[in-house]
Amino acid sequence: MVSNSRNDDPKEANISPILPTYTRADLAVERGEGVYLYDTTGKQYLDFATGVAVNCLGHCHPHLVEALEQQARRIWHCSNNYRIPGQERLAERLTEATFADTVFFTNSGAEAIECALKIARRFHWATGAPERFRVITFEGAFHGRTLAAIAATGQEKVLKGFGPPVEGFDQVPFGDIEATRAAITRETAAILVEPIQGEGGIRPAPPGFLADLRALADEHGLLLILDEIQTGMGRTGRLFAHELSGIEPDVMASAKGIGGGFPLGACLATERVGRTMTAGSHGSTYGGNPLAMAVGNAVLDIILTPGFLDQVCSVADRLRTGLLTLSKKHDAVIDCVRGVGLMLGVRIKGDLGGFVARARDNGLLLVPAGDNVARLLPPLIVTQEHVEEALSKLEATCHNVAVAAQ
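If you count by our numbering, then the sequence shown holds residues 1336 to 1741, one letter each, in order.
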């Protein structure tokens, strides 16, 4: 008889029941309410992490909870072999509000990126140029954890141990239009870029760069794909960040905030590009399920309310001003402030992990990023009072760090 006991093999006895792929803080979350999280001891945290820009309307927003509860009493899941009214409504609303003419719904950002990459290859295949499959991406990018997404990301820390990387990606320096031009070959199909690199350290594209990429793509018959997974759904004060630059992509990946905390992603495309994706060319078991669609529509109800994004911009201005003041006062701790809207970051001169941990001890949750940057990604419902509270906690954190360094 073969035993199923995990303790029979001493080599496996010490592994966690959860695959150890995360470095977790010792914070056991119990519940959330608005802009706050509470751990199992009852301690309150001001949540400026929001699940890495996911809980865009905070925790347990009444409108989202009601939408989910109502849908849960009707139907949770059905096959995409049938029409899903909530899916049709959300697609119509997204296309009305954006450049896009069509939408494919996914469960995550990585899936949205995979869909975008498939669309790029399929478009050129369908239009008589199957040799065009390569995609230009940028140093410092992050596009997800699937095999194609880590190849597009191109960073050693996400590629290590998963080689050989998926073929078809050419990386160039972020913001360098001439390097981008030089990377174009007869096999190039598309350019994939984040308007603001999130994981890369809150690095906005230089002024004019997205417009230059749009012109370059048009000149060479390429598709411009935007990764707005972290920058979208009001995070920058616009529904999507590319609106600030006055350009439109051919394809765009969205996720995170689009579901307000419920797993949801979307790949949006123009009719010219999307019509090449015919029946059977792509699919998803859970993508576009009724529960996700109910929440996605509820999120749009709030974000598209007249004046909502104006309020985001107003609060964001106060937060940015406060961070700049803090950086001048504590210039031994903070190097600079970066970002747009409520997607902000402070570059730390010392130990980033230590800074984030001290902020957490002070009741403020932040997100570490590349280039030694601590991200501030508060819910879009954050108020001026919450901003003042966050600045006070950051002030205490800077003081703690400065004292510890003496």
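C-beta: ideal position from N, C-alpha, C; glycine also.
No Cβ-Cβ contact shorter than 9 Å links G1623 with I1454.
In the three-state reduction of the DSSP assignment, A1525 falls in the strand class.
If one requires a minimum length of 3 residues, the beta strand (DSSP E) runs lying completely within the stretch 1653-1741 are 1669-1675, 1678-1683, 1702-1704 and 1708-1711, in chain order. Here A1601 is near F1440, since their CB atoms are less than 9 Å apart. A straight-line Cα-Cα distance of about 16 Å links S1727 and G1680. When the beta-carbon positions are compared, G1676 and V1647 come within less than 9 Å of each other. Taking a contact to require three or more Cβ pairs closer than 8 Å, the stretch 1573-1581 and the stretch 1470-1490 do not qualify as touching.
In the DSSP annotation of this structure, the continuous segment of the alpha helix (DSSP H) that includes V1493 starts and ends at E1491 to L1494. A1629 sits in a helix when the DSSP states are folded into three classes.
Taking the CA atoms as reference points, R1457 sits about 16 Å from E1502. In terms of Cα proximity to A1518, the closest of T1358, P1539 and L1548 is L1548. DSSP lists F1439 and A1588 as the beta-bridge partner residues of C1602.
Between the stretch 1554-1564 and the stretch 1513-1533 there are three or more inter-stretch CB-CB distances shorter than 8 Å, so the stretches are counted as touching. In this structure, G1421 lies near G1631, with their beta-carbon atoms less than 9 Å apart.
DSSP places R1418 in the coil class of the three-state scheme, outside both helix and strand.
One thing to note: L1699 has its Cβ no nearer than 9 Å to the Cβ of R1710. Residues K1684, A1737 and A1740 of the same chain have their beta carbon placed closer than 8 Å to that of A1667, with the five preceding and five following residues left out of the count.
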